[in-house]
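A.B. asks: Starting off with a structure, shown below.
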Amino acid sequence: MGSYSVGLQRLSVLSIQNVVFLRRPKRPLSAVVTSVPGYATIKSNQTIRSCSSTNAFVVADDEKYGNKQVVSITPRLYDYILANIREPEILRQLREETASMRGSQMQVSPDQAQLLAMLVQILGAERCIELGVYTGYSSLAIALALPESGLLVACERDAKCLEVAKKYYARANVSHKVHVKHGLAADILKSLILTGEACSYDFAFVDAEKRMNQEYYELLLQLVRVGGVIVIDNVLWHGKVADPLVNDAKTASIRNFNQRLMEDQRVSISMVPIGDGITICRKR
Ligand SMILES: C[S@@+](CC[C@H](N)C(=O)[O-])C[C@H]1O[C@@H](n2cnc3c(N)ncnc32)[C@H](O)[C@@H]1O
1 MGSYSVGLQR LSVLSIQNVV FLRRPKRPLS AVVTSVPGYA TIKSNQTIRS
51 CSSTNAFVVA DDEKYGNKQV VSITPRLYDY ILANIREPEI LRQLREETAS
101 MRGSQMQVSP DQAQLLAMLV QILGAERCIE LGVYTGYSSL AIALALPESG
151 LLVACERDAK CLEVAKKYYA RANVSHKVHV KHGLAADILK SLILTGEACS
201 YDFAFVDAEK RMNQEYYELL LQLVRVGGVI VIDNVLWHGK VADPLVNDAK
251 TASIRNFNQR LMEDQRVSIS MVPIGDGITI CRKR
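Listed below in structure tokens is the structure:
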């Protein structure tokens, strides 16, 4: 079941076959409770829930943005996307081995991994950092995209997870590219700065402790060169960041981090709704 949060604006709903349009009304509504059977319900908190896995898509249609149509991913559409991904065989094996493990939902999705690999290739990256390896899916995707001379510093606090990751680096013949660092991500970044590695990295992927994102980001800004890229995962936090009724510590911290990124002129940014949402930051 998908959840589509639309902030504080009051919206009306028009349904045309499998498409739901969300439109801001010309006049304010006194009560906002609109139900479209099988498709969407707008409650007083303006959260829209898609109720059917057969929905083709939901379209946000707001005059303020020139009535742009925005596709939301349904299970069927996501299946289609997954069917159009070139996932290397070794990544598929790792994903399948991890599927039965505790925390497997933490792994980046295959479409995210493909985008990370492409960013590494577009940048021509040689030196990368990953925070939060888990069993190695995203780090392996990055390592596979690196040239033979490339380096990925892979930081993870859980030794057991790292054993799985290292097994797959070896199977994929990329162990020579991956420097595994077992420890706390922030400590590892600080030691890299202390050993004179500032401004020497091309690309970083942040997927560790979410409440530490601001600290990771500040440290990574020192380690990445001008023109280098920092990608932060989980910036949409299952949609909770846009729901004013959700204010737990983790959601608040991700929301706050997103706001600070928005205002940070040291980087160019692009928030991309892939997986659980990523923000791509390019150091100016
Ligand atoms: C979301 S998972 C990473 C998933 C991984 N990127 C993948 O695609 O498979 C987060 C990982 O970060 C690790 N982690 C959490 N806090 C950390 C910290 N402070 N330092 C290092 N690793 C941390 C966790 O042990 C967990 O394995």
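In UniProt numbering, the protein residues as written are 1 to 284.
Every residue, glycine too, gets a C-beta built ideally from N, C-alpha and C.
Predicted model only: the values in this text are computed from it and were never measured.
(1) Can you tell me whether L194 is buried or exposed? The criterion is at least 16 other CB atoms within 10 Å of its CB, across all chains shown.
(2) Provide the residue(s) that pair with residue 285 in DSSP beta bridges, ordered along the chain.
(3) Give me the DSSP bridge partner(s) of C155.
(4) Which residues does DSSP pair with R282 in a beta bridge?
(5) Taking all protein chains shown into account, decide if I230 is buried (16 or more other Cβ within 10 angstroms of its Cβ) or exposed.
(6) By DSSP, does residue 315 sit in helix, in strand, or in coil?
(7) Apart from the five residues on each side of it in sequence, which residues of its chain come closer than 6 Å, Cβ to Cβ, to S270?
(8) Starting from the C-beta of S175, find all residues in its chain whose C-beta is less than 8 Å away, skip the five residues before and the five after it, and write them out in chain order.
(9) Does DSSP put I42 in a helix, a strand or coil?
(10) Apart from the five residues on each side of it in sequence, which residues of its chain come closer than 7 Å, Cβ to Cβ, to P273?
(11) By the 10 Å Cβ neighbour count, where 16 or more other Cβ atoms means buried, how is I129 classified, buried or exposed?
(12) Under a three-way DSSP split, which group does V224 fall into?
(13) Compute the minimum distance between the beta carbon of Y217 and the heavy atoms of ligand 1, and state whether it is under 8 Å.
(14) Mind checking whether the beta-carbon of Y134 lies closer than 8 Å to any heavy atom of ligand 1?
C.D. replies: This is what the structure holds:
(1) exposed
(2) Nothing in the structure corresponds to residue 285, since the chain is present only between 1 and 284.
(3) L131, K181
(4) V229, S268
(5) buried
(6) The first residue shown for the chain is 1 and the last is 284, placing residue 315 beyond what the model contains.
(7) I280
(8) K166, Y169
(9) Summary for I42: the model assigns pLDDT 28, below 50, so the residue's position carries little reliability; its value from the coordinates is reported in the next sentence. Strand at I42.
(10) L236
(11) buried
(12) strand
(13) no
(14) yes
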